[in-house]
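J.: In my numbering, the protein residues as written are 4 to 265.
All C-beta atoms in this analysis are idealised placements derived from N, C-alpha and C, irrespective of residue type, glycine included.
Provided herewith is a single structure, encoded as structure tokens, for subsequent inquiry.
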Amino acid sequence: MSDVPPPLPPNVPSGSGWGGQAPPPPPGWGQEPGAGGMPGPSRFEAPEAIGYGWKAFRADPAPLVVAALIVLLVPAAVQLFGNLVAGGNFFEFEADGNGVDFDLNPLALIFNILGSFIGMLLAAAMVRLVLDVVDGNEVSVGAMFSRFDMVQVVIAAVVLSIAITVGILLCFLPGLLVLFFTFFTNYFIVGKGQDAITAIKSSVSLVSDNFGAVLLLAVLAFLCMIGGIIACCIGILVAYPVVTLATAYGFRTLQGEPVKPV
């Protein structure tokens, strides 16, 4: 029996796999597909994350600005209304020759707690919105209030508030460390469906494994927010969405997950 391969059929080029080298597989063949088939960056870079946030904001600013208005103004309005109704802040003190007098206003305190509670839920809703942008889903202000567990958000907020407060009382720095290492807690609750305690642990693990990159992202995010405040406070309506988009980008890419190109 002859070892010579049979002739090529008509219209089949050499090297196409007929008695020759197999052709290269199509792009992505044999690789695990990402969400929507979108490619992810090879590695995370904090400046690139901020740039991604800015480009994604410019691509569709309207829902992001509306969402930022809701997240930033509604809790503040609730607390301001409470102070007006109660006739002052929930906690006031004044010093005189006889010492310091403390005054607790229960009604103002109730409104303050209500405003903080609303702020927790709205911050998680903003995370839902920016994850939809990064994941390539339909973006809607109405849809940002769905598809996440509000109870877990509140539990995480309460646990972290206590931990951060205790940390601040212990020479301030421990409180900042708690805040930093739990940077992605809401993203794990909203984006992965984790419970509050698991999300806190996941955030600590992700930040610990990427300490330098996340630290640089946090510094750049802080500078963006300061810049937004300096710009007559109007700039915060741009800075806040850009920072949350950059954080969502970091949340996905640090785990090797794909993001929507912008």
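Among residues of its own chain, excluding the 5 on either side of Leu219, which ones have a beta-carbon nearer than 7 Å to its beta-carbon?
T.: Taken in chain order, the residues that qualify are Ala49.
J.: Which residues in the same chain as Ala25 place their Cβ atom closer than 6 Å to its Cβ, once the five residues preceding and following it in sequence are excluded?
T.: With a pLDDT of 39 at Ala25, under the threshold of 50, the predicted position of this residue should be treated as unreliable, and no value is reported.
J.: Using 8 Å as the threshold, is the C-beta distance between Ser206 and Phe186 below it?
T.: Result yes, Cβ atoms of Ser206 and Phe186 sit closer than 8 Å.
J.: Does the stretch 230-246 touch the stretch 112-126, meaning 3 or more C-beta pairs lie closer than 8 Å?
T.: Because the criterion of three Cβ pairs below 8 Å is not met, the stretch 112-126 and the stretch 230-246 do not touch.
J.: Quick one: Cα of Ser143 to Cα of Gln197, how far?
T.: Roughly 23 Å between the two C-alpha positions.
J.: Span of the alpha helix (DSSP H) holding Ala128?
T.: Here the alpha helix (DSSP H) through Ala128 covers Pro109 to Asp138.
J.: State the Cα-Cα distance for the pair Pro29 and Glu141, rounded to the nearest angstrom.
T.: For Pro29, the predicted structure reports a pLDDT of 37, less than 50, and the residue's modelled location is therefore unreliable. A value from the coordinates is still provided. Computed Cα separation, rounded: 28 Å.
J.: Any contact between the stretch 82-91 and the stretch 58-65? By contact I mean 3 or more CB pairs, one from each, below 8 Å.
T.: Flag = no, the stretch 82-91 and the stretch 58-65 do not touch.
J.: Determine the direct distance from the alpha carbon of Arg131 to that of Ile171, and round the result to whole angstroms.
T.: Distance between the alpha carbons of Ile171 and Arg131: 29 Å.
J.: Would a C-beta distance cut-off of 8 Å place Phe266 and Thr256 closer than the cut-off?
T.: What the structure shows of the chain is the stretch from 4 to 265, and residue 266 is not part of that stretch, so it cannot be assessed.
J.: Spatial neighbours of Pro177 within its chain, please: CB distance less than 7 Å, with the 5 preceding and 5 following residues excluded, ordered by chain position.
T.: For Pro177, where only same-chain residues beyond five positions count, the Cβ hits under 7 Å are Gly170.
J.: Is Pro50 helix, strand or coil by DSSP?
T.: Correct three-state label for Pro50: helix.
J.: Whole angstroms are fine: how far does the CA of Ile158 sit from the CA of Ile266?
T.: In this structure the chain extends from 4 to 265, so residue 266 is not present and cannot be described.
J.: With 16 other CB atoms within 10 Å as the buried threshold, where does Met129 fall?
T.: Met129 is buried by the Cβ-count criterion.
J.: Please report the straight-line C-alpha distance between Val77 and Ala160, rounded to a whole angstrom.
T.: Near 18 Å, if we compare the C-alpha coordinates of Ala160 and Val77.
J.: Who are the near neighbours of Val181 in its chain, counting only those whose CB is closer than 8 Å to its CB and skipping five residues on each side?
T.: Excluding positions up to five away in sequence, the list reads Leu163, Ala166, Ile167 and Gly170.
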